[in-house]
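K.L.:
My questions will all concern the structure given below.
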Amino acid sequence: MLSGSTAIQRPKKRGFQKFKKFLPIYLMALPGFLYLFINNYMPLPGLVLAFKSYSARLGIWGSHWAGLENFKYLFASDAWLITRNTILYNIAFIIVNTVLSIFVAIILSELTSPLKKFYQSSILLPFLISSVIVSYLVFAFLSSDNGFINNTILKQLGIKGISWYTSPKYWPFILIFVNAWKSIGYSSIIYLATILGFDRSYYEAATIDGASKMQQITRITLPMLKSTVIMLTLMAVGRIFYSDFGLFYQVPQNSGALLPVTNTIDTYVYRGLLELGNISMSAAAGCYQSIVGFVLVLLANLAVRKIDKDSALF
Amino acid sequence: MLKTKEERAFQVFGNIVMMVFALLAIIPIILIITSSLTDNDMLVKYGYTFFPKKWSVYAFTYVFQSGNNVLHCYLNSFFVTAVGTVISLAITTMLAYALARKGLPGRNVMTFLVFFTMLFNGGLVPTYINYTTVFNIKNTYWALLIPSLLMNAFNVLLMKSYFVTSVPDEILEAASIDGASEFKTFYKVALPLAQPIVATIALFNGIAYWNDWMNGYVYLTDSTDLYTIQNLLNRMIQNIQYLSNSTSLSNANSGLASIPSVSVRMSLAVLGILPIIIIYPLIQNNFVKGITLGGVKG
Amino acid sequence: MKKRIMAILLSVMMVGALFTGCKSSTANTDSGSAAASGSANAAQKAIDDRIANAKKTGKYQTVVMAFLNWTGSPKDLPKVNAAISQYTEKKLGLDVKLQILDAATYKQQMTLMLSSGQQLDIFNGVMIGYAPSVNNGYCLDLEKDKLFQTYGADITNAVGKKFVDNCRVNGALYGLPENKDNANGQDGFSIGKKYLDGIGFNYASMYKNKGDEIIYTDINTINNIFSQLHSKYPDKYVFAPQIATLVQANDFDSLGGDNFGVLLNKAQDFKVADLFASDTYINFCMRNYNWNKAGYISKDALTNDIAPTAQVKAGTAMAYATACKPGIKAQESGLCGQDMILFQTGIDFSPSNAASAMPWCINSNTKDAVAAMQFLNLAYSDPVVSNYLCWGIEGTHYVKTSDGHFDFATGVNGQNSGYYNNVNWEMPNQFIAGIWTGNDLDIWTRMKKFNDSAVTSKAAGFVFDNSAVTTEYTALTNVYNQYEKQLEFGFVNPATGIPEMDAKLKTNGLDKYMTEKQNQLNKWSKTYANK
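Chains as they are written, first to last, in the working numbering: chain H, 843 to 1156; chain P, 2 to 299; chain G, -10 to 520.
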C-alpha cells in the first residue's frame, strides 16, 4: 500500500559507500545473528544424527552411518493415517484460529467499553495453562462418572451419558475447540497490534465519505491485514507436519479408542520411541518434519511472491 | 461524539461476543482454583466441582512444606523474566528493524537465515552438548536466560512485517536526510511508530520466560536454588505422578499416602498463574498505552 | 544467493567439528599384570596408586554416581558426599559425588549427560532401560580386561551369581543387579480389611501360618469376594484396574519388556509364542470383561490416572491387583491409609528381565573404570557405604532405635529431612543397610528366600535387542496402545476385540518381530542357557 522499494529507483552507489551507509544497520542485526549462530546454527550439524546409528561410546561423528534406516519407521502401515491427521488438524487450526483471532481483534479494536481491558486479559489466560492441566479440565467436563456434560447438561435434557473417551467421532471438534480456546487470546493480540498500527486517516476519510462500520472493516481493515495473515499462514505451513504433543496426547488422556483420530506424527513417534530411547530415530522424525515443512514453505512463498511480492517471507 | 445506530449496535454485539469469550476463558480458571481448595479424597470421589463438598487448603500446605523454597523460586522467576524480556526485546527489535530496511544488501538472505531456524534445529542432544561443553552454562542463571528463549524467529519476522507495513520508508528517509544517524532514526523515529508491536513482543517474551520450565529441566541438575517456579511446579507434578503410580516401590512409606496428588496438581497450576493474574492488570495499562500510542499517528 | 547460503552452512559445519565423539580413553588398567598377580593385589595396588597420587596433587580423584529420587538433589547432599568421601578416601583413595536427579528429569538427563562426555562414572539404568542403554552405547563391558573379576570381586557374593548372570547380554556383562525383590508373587489382590469385615468374610482362618502376610487362594475366592462386595457396597467400585497387572498376574515371560512374542506357561521352554493368541491372554481379558460387565469397574478407568491405592484411600474403590512379595502388606496398607488384606492366586515367578530391570552400569566414556568398579564393589559390600547411600548421616538424618531399627533423627521427618530419597530399591545393596522402623527385622532374609525359591524363567539372562526391528516395534506399540486398556480393563468383548487387534498386529509385522526374537533366543540358548 505504501511506496515500493525506493532503493531500486536510485542509481547504484558504489559498493563501499553503500556498505558504509548500512554499517550501523548490520551492527544492529549483529547481536541477533550472533545468538542465532550460537543457539541454532552451531548445534545444526547434529542433524547428522538422523543418518547415524548413534552410540554414545563412539560419539556423534564416530557413530556408524545408517543411511535412511532411521526414517523407515515413519513410513510403516499407519503412516497414511498419522500424516493425514497431522495435516488435516493443522489446516483446520490455521483456518479456525485465523478467522476467530481476526474476529476478536477487530471487535477489540473497535470497542469503546470500559470492559475492554478485562476482555483482553481474560482471553489470554488459557494460553498460560499447561497442557497437563488443560487435560484435567477437559476431563472435568467429559468424564463419564463425574463430568459436567454427562452429569449436569445431558442429564437435565434427559439424554443418556456419552462415553466421550471411547467415541472418536467427537474428537476432531473437541480438539479444534480446545486448540482455539487455548491460542486465540495469543494470536488475536498479534492482529490487534497490527490493526492499531494502521493509519487512522483511512478510517477518517471513509467515515467522511459515509462508509458504514461494516464497510470500513471489509474494505479497509481486512485488506490491510492481508500481509500479516499471509505471513502467519506461511509460518504455520512450515510447521504443518508438527503437532502439539500436549493437545494430542494429554488432552485425550492417551485413550486408545481415540487413536484413529488423535494419533499424529508426534504422538506416534513418542509412543514408539518411549521405551527405545533411540536418539537417531527421534532425530530422523524431526528431520523429516522439517524438510517437508521447508519444501512446502518454499513452494508457498514462491507462489506468494508471484502474486504479491511484498507479502512474501523472503 | 455522536454515535450512529450502527455503531451502537456494533458496541452491543461486540460486548456480548467478548463477554462470551471472556467467560469461556475464565470459568475453567475458577474451576482450577476451587479444585485446588477441595479435599483430595472428595476430588477422587466426585471429580472437579465449582462447589466442593469439603474445602481444604492442604494441597497448598503440602506444596509449601515440601522442603522447596517456593518464594525463592518466585524470585528466580521474576528475575529471569524481567532480565530476559528486556534483553530479548532489544535484540529482537534491532534485528527485525534491520531485516525490514529496504535496500539493505543481503536482506533476503538474512531473512532466510532467520526463518530457517524456525524449521530446522540440531536437536536437544547437540544443543545440550554445545551449551554445556562450549559455553559451560550448566547450573548457572545463564541456563535459564539463554537457550532457545533469548530470541525466536517467529517474533523477529512478526516484527519485521510490522516495520515493513506500518513504518513508512519515507519517514525514515526523511530523518536520514535531516542528518540523523541510523541508530537515532531507529530509536527516535521507528521505535515510537512501532509501539504496538514492541508492546506485543514484550508481552510474548515475558510469557515465554515466565512459562518456561524446559531450560531448568535440561540445564539444572546440582541444586534446587536456581529453580524457577514453573520448573519447580512441573517437576513436582511429574514426580508425584511417578511416585504414586510406581509399582516398584519396595519400601513401605505411609507418608506417601498423604500426598494429595489430585488437588496438588491443581494448586500447582494456581501457583503458576496466580502472579500473572495479579500482575498482568498492572502492567496491562502500560501495554495498552503502548498499543494505542502507536495508533495516534497519521 | 544459494552459493552464499552454502558457504555459511559450510562454515557452520566446521564449528560442528566441536562435537567430536567422546572417545573413551582406555581405562588405565594394567590388565595383564593384574591378572597375573591376583585380583586382591591388583585392587590394592590401584588404591595405593590413587592415594599416592592424591598426596602428590593434594586432591583425590572423584567418582560420580547418578541415580534418581522423587524430589531432586537433596538439601544435605554436599554433607553426605563429604561424609562418604571421607570414608572412601581412606578405603579406596577417591572422593565420591552423588548426582541425584528427580524422576521427572532422570531419563532425559541421563541421555544428555551420557552423550555429552561430562563426568559421570556410574549410573543406574532405571527408566532408561537396560537394553536401550546397551544399544545406545552407554554401558561399559564390565568384563573387559577382567575389570569385574579383578576389582568387583565382592559383588557376586553380595547379590548371587544367578542374578549377576541374568544381566548378561549375549554373554557380555554391562550391568549389575541390586539386591531387591527379583520375583513377583503373581495375581495378587489387595482388598480393604474394613470391606471384608463388612461382608463378614472370614479371612483370618485362611492364613497358612500364624503371622503370614499373604493368603494363598484361587481366583474363585476372589470372584466370590468381589460379588459380595458389590452387593454390599453398590455405590463403590469393587476393583481398580491398572496396566501393570497383565504382567504381574500371568506367568509368561515378555522377553525384553514388550509383549510382542513371549514365552508362555512359566517360560520353561524356548518357544516364542503370540501372547494375544494364547489362552492366558484371553482368560485374563475375559475375567476383566466379566468384572466390568458386573459393574465392578469404573467407567472412567480407561482415562483415570489416579493410582488404585489413592482410589482405595479416597473410598471410591475397594480392591486392586498387585504383585506380592515379603513386606507387601505393610507397604500397601501404608499406601492406602488403611489395613489391607493380601491374597495371592498365582505362583512366585521371576521373569527373564527381573534382575536387569534397573542395573548399575559404568559409563562407557568413563575416564577411570577401575575406580568406578572399586567404588561399586564397596557400595555392594560395605554396610557403612550402604547406610550412607540409603539413609544419610547418622545423627543428622537417622538414628538407631533401641530395638535395632533405623528411624528419623529428632525433629526430622520425610518432608524436612535433608537426605531422604525413598529409593532404596535402587541402591546396590539395601540388604546390608539398616532396616527402617515399621518393617520386620528379618525382611531381607525372607526376601532372599523369596527370590531364590521363585520359579525362574528358563530364559533368565536373555536380553532382547530389538534394534533390527525398530520399525515393527514402533508400529506394534502404536497398535497395542490402541487396544491395550480397552481389552485388559474389560471394556471390549475379548471374543471380538482380541482377534481384531491380533490381525492388526500381524499386518504391522508381529510375525517378523517374533521371528527376530526367536532367532536371538535360539542363538542365546545354544551358547549361554544352563551355563
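Beta carbons: idealized from backbone N, C-alpha and C, even for Gly.
With a 10 Å radius around its C-beta and 16 neighbouring C-beta atoms as the bar for buried, classify residue 52 of chain P as buried or exposed.
P.N.:
It is exposed - the Cβ of residue 52 of chain P has fewer than 16 other Cβ atoms within 10 Å.
K.L.:
What does a CB cutoff of less than 8 Å around residue 478 of chain G pick up in its chain, not counting 5 residues either side in sequence?
P.N.:
Cβ neighbours of residue 478 of chain G beyond the five flanking positions: 230, 277, 281, 286, 290 and 291.
K.L.:
Report the residue from P:270, P:182 and P:139 whose alpha carbon sits nearest the alpha carbon of residue 867 of chain H.
P.N.:
Nearest of P:270, P:182 and P:139 to residue 867 of chain H, Cα basis: P:182.
K.L.:
My output table needs one value for residue 210 of chain G: the three-state DSSP class, helix, strand or coil.
P.N.:
It is helical.
K.L.:
Tell me whether residue 1013 of chain H sits in a helix, a strand or coil according to DSSP, three-state version.
P.N.:
DSSP places residue 1013 of chain H in helix when its eight states are reduced to three.
K.L.:
Within its chain, find whatever has a CB closer than 7 Å to the CB of residue 203 of chain P; leave out the 5 residues flanking it on each side and keep chain order.
P.N.:
Taken in chain order, the residues that qualify are 86 and 90.
K.L.:
DSSP state of residue 1131 of chain H, grouped into three classes?
P.N.:
Residue 1131 of chain H: helix per DSSP, three-state reduction.
K.L.:
Given residue 267 of chain G, which residues of its chain have a CB within under 6 Å of its CB, disregarding the five upstream and five downstream residues?
P.N.:
Same-chain partners within the cutoff: 253.
K.L.:
If I measure Cβ to Cβ from residue 115 of chain P and keep anything under 6 Å in the same chain, skipping five residues before and after, which residues do I get?
P.N.:
Answer for residue 115 of chain P: 154 and 157, listed in chain order.
K.L.:
Determine which residues share a DSSP beta bridge with residue 1108 of chain H and list them.
P.N.:
Looking at the DSSP assignment, residue 1108 of chain H forms no beta bridge with any residue, so it has no partner.
K.L.:
According to DSSP, simplified to helix, strand and coil, what is residue 58 of chain G?
P.N.:
Reduced to three states, the DSSP call for residue 58 of chain G is strand.
K.L.:
Which partner residues does residue 1073 of chain H have in the DSSP bridge list?
P.N.:
According to DSSP, which records beta bridges pairwise, residue 1073 of chain H is partnered with nothing at all.
K.L.:
Going along chain G, which residues have a C-beta under 7 Å from residue 943 of chain H?
P.N.:
Those do not exist, as residue 943 of chain H stays about 31 Å from chain G at its closest Cβ, beyond 7 Å.
K.L.:
How about residue 1107 of chain H and residue 936 of chain H: do their beta carbons lie closer than 7 Å?
P.N.:
It is not a contact, given that the beta carbons lie outside the stated cut-off.
K.L.:
Does the segment 437 to 455 of chain G touch the segment 243 to 250 of chain G, meaning 3 or more C-beta pairs lie closer than 8 Å?
P.N.:
These segments touch.
K.L.:
Does residue 101 of chain G get closer than 7 Å to chain P when you measure Cβ to Cβ?
P.N.:
It does: the Cβ of residue 101 of chain G has a partner Cβ on chain P nearer than 7 Å.
K.L.:
Using the C-alpha atoms, what's the distance from residue 1145 of chain H back to residue 191 of chain P?
P.N.:
Rounded to whole angstroms, residue 191 of chain P to residue 1145 of chain H spans 31 Å at the Cα level.
K.L.:
Roughly how many whole angstroms lie between the Cα atoms of residue 29 of chain G and residue 123 of chain G?
P.N.:
Approximately 29 Å, taken between the alpha carbons.
K.L.:
Going along the segment 52 to 69 of chain P in order, which residues come within less than 9 Å of chain C, judged by CB to CB distance?
P.N.:
Here chain C cannot be found, since the structure's protein chains are H, P and G.
K.L.:
Name the chain P residues that come within less than 7 Å of residue 405 of chain G, Cβ to Cβ?
P.N.:
Per Cβ cutoff of 7 Å: 68.
K.L.:
If residue 984 of chain H and residue 1006 of chain H are in contact, beta carbons under 8 Å, what's the gap, nearest whole angstrom?
P.N.:
The Cβ separation is near 4 Å, so the contact holds.
K.L.:
Cα separation between residue 471 of chain G and residue 1099 of chain H?
P.N.:
The straight-line gap from Cα to Cα measures roughly 6 Å.
K.L.:
For residue 1151 of chain H, count the other beta carbons within 10 Å of its own beta carbon; 16 or more makes it buried, fewer makes it exposed. Which is it?
P.N.:
So residue 1151 of chain H ends up on the exposed side.
K.L.:
So, do the segment 314 to 322 of chain G and the segment 224 to 238 of chain G have three or more beta carbon pairs nearer to each other than 8 Å?
P.N.:
The segment 314 to 322 of chain G is not in contact with the segment 224 to 238 of chain G.
K.L.:
In whole angstroms, give me the CA-to-CA distance for residue 366 of chain G and residue 33 of chain G.
P.N.:
Taking the straight line joining both Cα atoms gives about 13 Å.
K.L.:
For residue 998 of chain H, count the other beta carbons within 10 Å of its own beta carbon; 16 or more makes it buried, fewer makes it exposed. Which is it?
P.N.:
Exposed: under 16 other Cβ atoms inside 10 Å.
K.L.:
Here's the rule: buried if 16 or more other CB atoms are within 10 angstroms of the residue's CB, otherwise exposed. What is residue 284 of chain G?
P.N.:
Flag for residue 284 of chain G reads exposed.
K.L.:
Assuming contact is defined by CB atoms lying nearer than 7 Å, are residue 267 of chain P and residue 33 of chain P in contact in what I supplied?
P.N.:
Against a cut-off of 7 Å, the Cβ pair of residue 33 of chain P and residue 267 of chain P comes out as a contact.
K.L.:
Taking the alpha helix (DSSP H) that residue 178 of chain P belongs to, which residues open and close that run?
P.N.:
Unbroken alpha helix (DSSP H) run through residue 178 of chain P: 170 to 178.
K.L.:
I'd like to confirm the pairing. Which residues does DSSP put opposite residue 329 of chain G in its beta bridges?
P.N.:
Paired residue(s): G:181.
K.L.:
When DSSP labels each residue in this structure, what does residue 165 of chain G get in the three-state scheme?
P.N.:
Strand.
K.L.:
Could you please give the first and the last residue of the uninterrupted beta strand (DSSP E) stretch that includes residue 45 of chain P?
P.N.:
From DSSP, residue 45 of chain P is part of no beta strand (DSSP E) but of the alpha helix (DSSP H) over 41 to 47.
K.L.:
Once DSSP output is grouped into helix, strand and coil, what is the label at residue 445 of chain G?
P.N.:
Residue 445 of chain G falls in the strand class under three-state DSSP.
K.L.:
Considering only DSSP beta bridges, list what residue 906 of chain H is partnered with.
P.N.:
Residue 906 of chain H is bridged to H:895.
K.L.:
According to the neighbour-count rule (16 or more other Cβ atoms, all chains shown, within 10 Å of its Cβ), is residue 7 of chain P buried or exposed?
P.N.:
Residue 7 of chain P comes out exposed.
K.L.:
Flag residue 236 of chain P as yes if its beta-carbon sits less than 7 Å from any beta-carbon of chain H, otherwise no.
P.N.:
No - not a single Cβ of chain H is within 7 Å of the one on residue 236 of chain P.
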